[in-house]
Amino acid sequence: MWPVTTDVTADEATDQDAIQGMVDAFFGAFVSGPGCAERMDLLRGLLLPQAVVVRTCGLEPAVMGVEEFIAPREALLTDGSLTDFREWPVEGRIEVFGDIAHWFGAYAKAGTQAGEPFTGRGMKTIQLVRTPGGWRISAAAWDDERDGLTLPTDAD
Numbered sequence: 003m004w005p006v007t008t009d010v011t012a013d014e015a016t017d018q019d020a021i022q023g024m025v026d027a028f029f030g031a032f033v034s035g036p037g038c039a040e041r042m043d044l045l046r047g048l049l050l051p052q053a054v055v056v057r058t059c060g061l062e063p064a065v066m067g068v069e070e071f072i073a074p075r076e077a078l079l080t081d082g083s084l085t086d087f088r089e090w091p092v093e094g095r096i097e098v099f100g101d102i103a104h105w106f107g108a109y110a111k112a113g114t115q116a117g118e119p120f121t122g123r124g125m126k127t128i129q130l131v132r133t134p135g136g137w138r139i140s141a142a143a144w145d146d147e148r149d150g151l152t153l154p155t156d157a158d
């Protein structure tokens with residue numbers, strides 16, 4: 003494990019705050035109900051146009067570009083089949099080196115689909131790069147809990 007430093011400069015604290023804000027906004031985009039189009043536009047602004055998003059979840063990895071990722075989720079969040087849905091970060095860590103950073107952590111989700119309430123948890127990794135316009139997400143990947151795969155005990 004890499005050593006963790008506790009002496010954080012003002013610039014590093016600013017980076018950490020900016021990145022945590024982006025992580026919170028990323029998860030906050032996935033909420034059913036009014037304002038979905040605005041949240042998806044915000045999500046597009048968080049991502050580099052060339053960003054790559056990968057879903058694993060025990061399946062063949064699905065590698066998506068920005069619109070391939072957003073469009074089906076926006077449809078699902080607005081077509082009425084998924085209600086009371088939201089995702090949120092549970093526990094994560096941010097590491098920054100110069101103009102690159104990543105957030106790795108646990109997340110949870112809950113909602114009602116086709117009239118059936120559900121919950122779920124998983125892990126996500128979000129990679130970021132510093133651009134002239136500020137931090138942007140360059141890549142994200144996730145895997146969800148399933149039979150034989152549960153969150154680490156320190157991720158609750």
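Heads up: the sequence shown begins at 3 in the numbering used here, then just goes up one per residue. By construction, the Cβ of each residue, glycine as well, lies at the ideal position given by its N, Cα and C atoms.
Taking C-beta atoms as the reference points, Gln-22 and Ile-102 fail to come closer than 8 Å. With a beta-carbon spacing of about 17 Å, Arg-123 and Val-33 fall beyond the 8 Å limit used to define contacts. If you draw a 10 Å sphere on the C-beta of Glu-69, you find fewer than 16 other C-beta atoms in it, and that means exposed.
In terms of CA proximity to Pro-134, Leu-50 leads the group Glu-14, Asp-43, Gln-18 and Leu-50. Here Asp-149 has no same chain residue with a Cβ atom under 7 Å from its own Cβ, once five neighbours each way along the sequence are excluded. Contact between Lys-126 and Trp-144 holds, with the beta-carbon distance rounding to 4 Å and staying under 8 Å.
For the set Ala-142, Asp-86 and Cys-38, the Cα lying nearest the Cα of Ala-77 is the one of Cys-38. Sixteen is the threshold: since fewer than 16 other Cβ atoms of the shown chains lie within 10 Å of the Cβ of Asp-81, the residue is exposed.
Taken through DSSP and simplified to helix, strand or coil, Gly-124 comes out as strand.
Residue pairing by DSSP places Pro-154 opposite no residue, since no beta bridge is assigned to it.
The alpha-carbon separation between Phe-106 and Gly-117 amounts to approximately 32 Å.
Nearest in C-alpha terms to Ile-139, of all of Gly-47, Leu-61 and Gln-18, is Gly-47. The shortest C-alpha to C-alpha distance from Asp-43 to any of Ala-142, Leu-61, Phe-71 and Thr-155 is the one to Phe-71. Comparing alpha carbon positions, the residue from Val-131, Gly-67, Pro-91 and Val-56 closest to Ala-112 is Pro-91. Rounded to the nearest angstrom, the Cβ distance from Leu-153 to Ala-108 is 5 Å, consistent with a contact under 8 Å.
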